[in-house]
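Beneath this line is the structure, given in structure tokens, with notes to follow.
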Amino acid sequence: IVKYGNEKLEDTEIIHGTMEQYCALVRSEIDKLNKHKGELHWGRYNLILYGVYSSRTYLKQANAKTQTLLEKYAEPYAAFAWAVFGDDYPMPFFDRAWRLLLQNHFHDTICACSQDKVYHDAMLRYAHSQQIAEKLLERSFKVITRDINTESPNIQNSTALIVFNPLSHSRSEVATKKIYEPVEADGRLQSYIIKDVDGNIIPSQIRNQRIREGFQPFFWEKHLPYGKRIREFDISFMADSVPANGYKTYYLCPESTKKTSTDLMIGDAWMENSFFIVKINSNGTIDLMDKESGKVYNGLHYFEDEESACGEYNHYTTANPQIINTLSNSARVSIVENGPVSGTFKIDLDMMLPEGLRDDLQTRSDKLVLCPITTYVTLNAGSRAVNFRTVVQNNAKDHRLRVRFPTGISSEYVHAEGQFDVIERKIQLPDAEGWVEKPLPDNANQTFVNVTDLINGFTLINKGLVEYSAEESEYGVILSLTLLRAVGWIGREYFVTATYKIPTPDAQCLGEHQFEYSVYTHEKTWEDAKAWQIAHSFNAPFEVVETSIHAGKLPNTFSLFTIKPDELVVSAIKKAEKDDALIIRLYNVSDRQVTGNLTAFTSLKGVWKVNLLEETLEEIAYSEDSFSFNVRGYEILTLKLKLDKPL
């Protein structure tokens, strides 16, 4: 082939070489090449297939859950138990859990553009990876909590609740713990309050209470009598200043409930705390007032549905799309939670949607089916965000369902979290005449997308919902999250896309689905408001572990390490692969260089900058238990720490 080509091509020489030779040639000619800046993901010359962002959203949700469980909980706390106590680090089990996850990251698998049988296997791999991670986390918490000194002269006859913070910044938020206990013979239910280590009463409330007949939860934390009536409930409380990468101790005390006050107030169809006033309208939309800026956001949170006529690869509407929204619906609004810590309203909507597309793929069916939508809107005391949990019973086919937020903010750009950075994207689409694939306002994000006019900012946070849209309108930029895109084929031959006409009935996503997302409004930009901290807190909440009152080597409040400034986000904490050292991987979420400082819980014996293979790049000077280092904008940095011997 090379010989034939060289004979026929007059001005070209074909050389069969190695990758090393190719790279050397590119480097030698690099200054002659045109330079392009940006993501380079438009479909001018090739198909991009944007629709895969929203194919089988249940798969993306499972992926986010698995990644978070391994990255934020299982691996860091196994490293915690190893570094502090010398506990065996379960490396082979982590290898297995990560391999199962990575097997699902093959592009056609994670993009959800294959046959149904592929996703039966993928969901099983996610489940297996999660099971391994959950058991490893349970084991690590057991090792850690048994050596925390939970004794306090101010506490008697109580149970300790250890609040773990898996993130790299200190947090003051609501923590929740599920409690199980036998029901007394006389049927009396014990009252509880929460106290801190000094004996101060902490605002709390009991939620989701029920009696389970003949039930025995099998947890290492507490073994209950077999076959007895069991009381199950959640207790939520205000956990204040829980240190980064650490924990803080509280106590569940069997005492009569004491009235406590917070900044949370709840009315017939409104909620208010120090930062927000939330009003629920008759059509189910939300009016939100940011009390710090005074800005009011009207008509937030309505649902919009349109046909999806292509397949798993791409989203296209018909020539005359039929768009349906809930703005003219009547919602049923009721109070679910009304406590000092948390308030929740339930909003029920009946959305009637066409059953599917007609066979000609040009119009939607005249037959309508009911798709009930229930949203739980929650405002916590002291919270800077309003949280949403939406349950959709999808009974329709061939459609895309989005939740919409008209921000009232005018801007040319949005900023979306990507892998290890935050990407600026222009909202106005480019002129696409002659392009292979026309651009769409749909794009991908990790945990948040933000729009700002430099005075006010609106951050839309998600949990495993990859696809967002940003569109200009007379009401400012409208941000949307795609909840469902239901299709029945890999591709359709009527559209400019990959056209494997293979049926995928499971991709219609019929049945019940749950989605979680949150809104954070603020002044100035996403960076000024540290939007990533709110988004990561929503995705990685406190983990609360129940334990006994006992002596231990660790104090009641503790941090494995602290890291400054806030722009440095920790993405991995693990034991080194080949030696007894702690690996901490972080990245700079900003576009400018910062000087970082890390302080460990114990003395250091050595610090190195390493690559992803954990090979040494350079040694870093340290002083006792801390050291400083520089991190370029958006740089990923891996540090290797040799620690003093375990406790």
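As numbered in the working numbering, residues 1282 to 1928 make up the sequence shown, in order. Ideal Cβ positions, reconstructed from N, Cα and C, are used throughout, including at glycine. All of these numbers come straight from a predicted model, not from anything done at the bench.
Integer Cβ distance of residue i from residue j, believed to fall under 8 angstroms
i: His1409; j: Leu1381; result: 5 angstroms
i: Pro1635; j: Ser1646; result: 5 angstroms
i: Leu1863; j: Ala1360; result: 6 angstroms
i: Arg1766; j: Ser1336; result: 6 angstroms
i: Phe1366; j: Leu1928; result: 6 angstroms
i: Arg1681; j: Thr1599; result: With a Cβ gap of about 12 angstroms, Arg1681 and Thr1599 do not count as contacting.
i: Phe1729; j: Ala1612; result: Between Ala1612 and Phe1729 the Cβ distance is about 27 angstroms, and since that is not below 8 angstroms, they are no contact.
i: Val1717; j: Leu1328; result: 6 angstroms
i: Thr1303; j: Leu1340; result: One point to set straight first is that residue 1303 is Tyr, not Thr, in the sequence displayed. Contact doesn't hold; Cβ gap of about 36 angstroms is too wide.
i: Lys1353; j: Ala1821; result: 4 angstroms
Nonlocal neighbours in the same chain, by C-beta distance under 6 angstroms from residue i, ignoring five residues either side
i: Phe1500; result: Note that Phe1500 has pLDDT 49, beneath the 50 cutoff, so the model's placement of it is unreliable and the number below is only indicative. Same-chain partners within the cutoff: there are none.
i: Asn1610; result: Asn1564 and Leu1630
i: Glu1502; result: Note on Glu1502: pLDDT 48, under 50, position unreliable in the model; the coordinate value appears next. Glu1827, listed in sequence order.
i: Asn1579; result: Asp1568
i: Asp1549; result: none
i: Asp1368; result: Ala1362 and Val1424
Short Cβ contact (8 angstroms threshold) for residue i with residue j
i: Ala1713; j: Arg1706; result: no
i: Ser1840; j: Glu1454; result: no
i: Phe1686; j: Val1658; result: no
i: Val1672; j: Glu1793; result: yes
i: Ala1345; j: Ala1414; result: no
i: Leu1835; j: Ile1429; result: yes
i: Glu1585; j: Asn1606; result: yes
i: Gly1699; j: Gln1727; result: yes
i: Thr1566; j: Ile1474; result: no
i: Thr1806; j: Thr1733; result: yes
i: Ile1616; j: Thr1656; result: no
i: Ser1725; j: Val1703; result: It should be noted that the sequence gives Ala, not Ser, for residue 1725. No, the pair does not count as a contact, with Cβ atoms beyond the cut-off.
i: Asp1723; j: Tyr1334; result: yes
i: Glu1618; j: Arg1773; result: no
i: Glu1573; j: Glu1804; result: yes
i: Phe1842; j: Leu1879; result: yes
i: Lys1926; j: Glu1895; result: no
i: Ala1378; j: Leu1351; result: yes
i: Glu1419; j: His1831; result: no
i: His1596; j: Gly1332; result: yes
i: Asn1554; j: Ser1421; result: no
Beta-carbon proximity list for residue i, same chain, < 7 angstroms, skipping 5 on both sides
i: Asp1479; result: Asn1435
i: Val1523; result: Val1444, Asn1446, Ser1451, Arg1452, Lys1529 and Phe1823
i: Arg1913; result: Asn1869 and Gln1874
i: Lys1719; result: Ala1713
i: Ile1558; result: Trp1551, Met1570 and Lys1572
i: Asp1477; result: Ile1483 and Tyr1531
In DSSP terms, what residue i is bridged to
i: Ile1475; result: Ile1483 and Leu1533
i: Gln1334; result: The residue you asked about is not Gln; residue 1334 is Tyr in the sequence shown. According to DSSP, which records beta bridges pairwise, Tyr1334 is partnered with nothing at all.
i: Gln1727; result: In the DSSP output, where bridge partners are listed per residue, Gln1727 has none listed.
i: Trp1770; result: Pro1784
i: Tyr1749; result: Asn1724 and Leu1762
i: Thr1930; result: Not covered by the structure: residue 1930. The range shown for the chain is 1282 to 1928.
i: Thr1880; result: Thr1843 and Ser1907
i: Val1717; result: Per DSSP, none; premise fails for Val1717.
i: Trp1889; result: Glu1900 and Lys1921
i: Ala1441; result: Tyr1532 and Thr1828
i: Ser1615; result: Lys1627
i: Gln1696; result: Here residue 1696 is His; the residue named in the question, Gln, does not match the sequence. DSSP output for His1696 lists Glu1705 and Asn1731 as bridge partner(s).
Endpoints, the alpha helix (DSSP H) within which residue i is located
i: Glu1419; result: Asp1397 to Thr1426
i: Trp1551; result: Unbroken run through Trp1551 is the beta strand (DSSP E), Trp1551 to Glu1553; no alpha helix (DSSP H).
i: Gly1286; result: Val1283 to Lys1289
i: Asp1376; result: Met1372 to Gln1384
i: Val1307; result: Met1300 to Ser1309
i: Ile1815; result: Ala1812 to Asn1820
i: Thr1390; result: His1388 to Ile1391
The beta strand (DSSP E) enclosing residue i, as first and last residue numbers
i: Pro1357; result: That residue, Pro1357, is in no beta strand (DSSP E); its alpha helix (DSSP H) goes Glu1356 to Phe1366.
i: Tyr1583; result: Tyr1583 to Glu1588
i: Thr1457; result: Arg1452 to Pro1463
i: Asp1571; result: Ile1567 to Asp1571
i: Asp1515; result: Ile1511 to Val1523
i: Ile1558; result: Phe1557 to Ile1561
i: Gly1792; result: Gly1792 to Glu1804
i: His1945; result: This structure cannot settle anything about residue 1945, because the visible part of the chain is limited to 1282 through 1928.
Same chain, Cβ closer than 8 angstroms to residue i, five either side skipped, listed in chain order
i: Tyr1285; result: none
i: Glu1301; result: none
i: His1297; result: Val1283
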